[in-house]
Amino acid sequence: MEEQLAELAAKVAAMEEGTGWSTSVNMEVFYWWCTALMFIIHAGFLGYEMGASRKKNVLASGMKNILAFAFVIPTFFFFGWWIYLASPGGLPDFSAETGGAPWSDAMGPNLQDNATGIFWAAFTLFAATTASIFSGAVIERIKLSGFIILAILLGSVVWILGASWAWHGDGWLLTEFGWHDFGAAGCVHMIAAFFALGVLINLGPRIGKFNADGTANDLCPHNVPLAVFGLMVLIVGFFGFLGGCIIYNGTGQWTTIFGNPATLSAIGFNTLMCFAGGIIGGWLAGRDPFWMMSGALAGIFAAASGLDVYWPPLAFLLGLCGGIIAPVGAKWLERTFKIDDAVGAVSVHGFAGAFGVIAFGVFASGYPNGDYPDTNLLGQVIGAVVMAVLGFVPGYVVSYVLKMVGLLRIPEHVEIMGMDLAEVPVSAYPEGMETSFGRGAYATPAQ
Amino acid sequence: MGSPIDSWEGAGAIFTGAGGATPGILLFLAVAAVVGAIAYGAMQEETAHKEKK
């Protein structure tokens, strides 16, 4: 009898060990594929940004986008992950032993740590997403060196500080105000968009964008089909992004990053519904395929905060609103403030993101947060203001300094000639696909 | 540099040079490479713009 009991106990112990390994490996596999899918976001951004450029700038825009990605990755290793782990209470705590410092044992191959590397990778892709959001807004006139500095600032410092406050189980916006933002509409989309707005003010519009009387010209993208396809590819990648927003515990219950129970089923329902709403909203607002697909993105951001709890028809309606807000907001910025946001990033990510964050307070107040305040409208409004200010101020201040030292904007003759001819040693279309204007010969549609 | 372990049994950090001085040196070199690449890129960009004037 005793022998049988001992044998049974040994079997149970072996099973427990096996289950533990299975949990760790499943967690690694899940985030591995989320990270891979998030790479597709950048394939989409690349296509959409190049398509949205005029022909004379297409390769320079592509290079800028790729380099943002490349410089954010190492700098996020150097200090981005540490900022996230050290700052949930406010500014970074330099005395905290967080394990996020680049020289710590956790920041490299470690057989006792299955989590750090895979979470770092997923967060690095979120970081690169913020830089790509900013990248599209400033195409065709920003200096590459100044852009890289700003992309590093946004991707490896500013957004991740916001994530530590607004997308962390101990973030002060949650612990003090009951903030909730499942899909990072605040810390990813709002911060990146308002950062871009701060830079755009100092950068100024492209030559020929505005006439002397203040009316705007349409600087036509050279390849709308590529831009539209890029946006659809980007949305495929968002399934990785949103999958990466949920925490795999291996305990039979997923949770949000705030610790609330959640299911992937909920995300499945609502992502599709707000995506569809966004396209229809963009279509209703203008029948422009570029804005229909941008509307799909805006629709997802408009519902992102509550993808874990919304009833699907509500997600659809919020998506519809996001799809309308995006083009209307972009026109408003352009006509009222003479802001030349080449792809409407401020409106798509910033305005729709802010709408989504606040809408959560309107439609989803009262969800419990354990020891912290329940979800509520005031918490969402406070969080939205914090995200907007945290994005805008560093973008404005640092781009102003870059402008003062001549690192922000390319010279006028290069802008008129085209950045590809000035900076890129190869031609985008060597088979002689000239536009009706000729390569880089004209600055404005009027010319 | 090289392996920081002489057995896989109970091993934790296994990256090259773990626990020694070389990761610090490599980190410094990596940071320098990033900063240097930005500086080189800025100079190259400035030269290209002047050449096309």
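Sequences listed follow chains Y and A, in order. Per the numbering used here, the very first residue in the first sequence carries number 539; after that it's consecutive. Per the numbering used here, the very first residue in the second sequence carries number 29; after that it's consecutive. Ideal Cβ positions, reconstructed from N, Cα and C, are used throughout, including at glycine.
Measure the CB-CB distance between residue i and residue j and report whether it falls below 8 Å.
i	j	result
Gly-891/Y	Ala-731/Y	yes
Leu-780/Y	Trp-792/Y	no
Ile-805/Y	Asp-751/Y	no
Gly-724/Y	Met-925/Y	yes
Asp-879/Y	Ala-675/Y	yes
Tyr-786/Y	Ile-656/Y	no
Leu-688/Y	Ser-937/Y	yes
Ala-853/Y	Asn-798/Y	no
Met-1025/Y	Gly-782/Y	With chain Y covering 539 to 985 only, the question about residue 1025/Y has no answer from this structure.
Leu-735/Y	Gly-582/Y	no
Ala-922/Y	Val-895/Y	yes
Asn-564/Y	Gly-788/Y	yes
Ser-702/Y	Gly-693/Y	no
Val-762/Y	Gly-589/Y	yes
Asn-776/Y	His-718/Y	Before going on, a small fix: residue 776/Y reads as Phe here, not Asn. Not in contact: Phe-776/Y and His-718/Y (Cβ atoms no closer than 8 Å).
Ile-579/Y	Thr-667/Y	yes
Gly-778/Y	Gly-815/Y	no
Lys-80/A	His-951/Y	yes
Gly-637/Y	Leu-649/Y	no
Pro-640/Y	Leu-55/A	yes
Leu-945/Y	Ala-58/A	no
Return helix, strand or coil for residue i, following the three-state DSSP convention.
i	result
Asn-648/Y	strand
Tyr-848/Y	coil
Asn-740/Y	helix
Ala-730/Y	helix
Trp-641/Y	coil
Trp-792/Y	strand
Asn-595/Y	helix
Ala-1004/Y	Chain Y is shown only over 539 to 985; residue 1004/Y falls outside these bounds and no answer can be derived.
Arg-825/Y	coil
Ile-877/Y	coil
Ile-578/Y	helix
Asn-603/Y	helix
Tyr-68/A	helix
Ser-974/Y	Because the pLDDT of Ser-974/Y is 41, which lies under 50, any placement of that residue in the model is unreliable, and the number read from its coordinates should be weighed accordingly. In this structure, Ser-974/Y counts as coil in the three-state DSSP scheme.
Ala-552/Y	helix
Asn-564/Y	helix
Phe-748/Y	strand
Tyr-934/Y	helix
Ala-634/Y	coil
Tyr-980/Y	Reliability fails at Tyr-980/Y, whose pLDDT of 45 lies under 50, so the model's placement of it is uncertain and the value that follows must be treated cautiously. Three-state DSSP puts Tyr-980/Y in coil, outside helix and strand.
Ile-656/Y	helix
Thr-75/A	helix
Trp-36/A	coil
Ile-690/Y	helix
Ile-621/Y	helix
Glu-545/Y	helix
Ile-784/Y	strand
Ile-42/A	coil
Gln-985/Y	Note that Gln-985/Y has pLDDT 42, beneath the 50 cutoff, so the model's placement of it is unreliable and the number below is only indicative. Gln-985/Y: coil per DSSP, three-state reduction.
Ile-677/Y	coil
Tyr-967/Y	coil
Ala-989/Y	Since the first and last residues shown for chain Y are 539 and 985, residue 989/Y lies out of range.
Residue i touches chain B at which residues, Cβ-Cβ below 7 Å?
i	result
Phe-898/Y	The question asks about chain B, but that chain is absent: this structure's protein chains are Y and A.
(Q) Taking contact to mean 3 or more Cβ pairs, one atom from each stretch, closer than 8 Å, check whether the region 588-603 of chain Y and the region 670-680 of chain Y are in contact. (A) Yes, they touch.
Q: Taking only beta carbons into account, state which residues of the region 936-960 of chain Y come closer than 8 Å to chain A, listed in chain order.
A: Leu-945, Ile-948, Pro-949, His-951, Val-952, Met-955, Leu-959 and Ala-960
Q. Does the count of Cβ pairs from the region 639-647 of chain Y and the region 608-617 of chain Y closer than 8 Å reach three?
A. yes
Q) Between the region 636-656 of chain Y and chain A, which residues of the former have a C-beta closer than 7 Å to a C-beta of the latter? A) Pro-640, Trp-641, Asp-643, Gly-646, Pro-647, Asn-648, Leu-649 and Gln-650
Q: Identify each residue in the region 54-77 of chain A for which the Cβ-Cβ distance to at least one residue of chain Y is less than 9 Å, and report them in chain order.
A: Leu-55, Ala-58, Val-59, Ala-61, Val-62, Ala-65, Ile-66, Ala-67, Gly-69, Ala-70, Met-71, Gln-72, Glu-73, Glu-74, Ala-76 and His-77
Q. Quick one, which residues of the region 664-694 of chain Y are near chain A if we go by CB-CB under 9 Å, in chain order?
A. Lys-681, Leu-682, Ser-683, Gly-684, Ile-686, Ile-687 and Ile-690
(Q) Three Cβ pairs or more, each shorter than 8 Å: is that satisfied between the region 812-824 of chain Y and the region 855-863 of chain Y? (A) yes
Q.
So if I threshold CB-CB distances at 8 Å, which residues from the region 573-589 of chain Y count as touching chain A?
A. none
Q: Say whether the region 726-744 of chain Y touches the region 865-878 of chain Y, bearing in mind that this needs 3 or more beta-carbon pairs closer than 8 Å, one atom from each stretch.
A: yes
(Q) What are the residues in the region 606-633 of chain Y lying within 7 Å of chain A by C-beta distance? (A) Phe-609, Pro-612, Thr-613 and Phe-616
Q) Does the region 890-910 of chain Y touch the region 835-854 of chain Y, meaning 3 or more C-beta pairs lie closer than 8 Å? A) yes
Q | Touch test, the region 768-777 of chain Y against the region 831-840 of chain Y, Cβ-Cβ under 8 Å, three pairs minimum | A | Note that the region 768-777 of chain Y touches the region 831-840 of chain Y; at least 3 beta-carbon pairs, one per stretch, sit closer than 8 Å.
Q. Looking at chain Y, which residues of the region 30-41 of chain A have a Cβ within less than 7 Å of any of its Cβ atoms?
A. Ala-39, Gly-40 and Ala-41
(Q) Taking contact to mean 3 or more Cβ pairs, one atom from each stretch, closer than 8 Å, check whether the region 953-970 of chain Y and the region 589-600 of chain Y are in contact. (A) yes
(Q) As an exercise, report each continuous alpha helix (DSSP H) stretch of at least 4 residues that is fully enclosed by the region 855-906 of chain Y, in chain order. (A) 890-901
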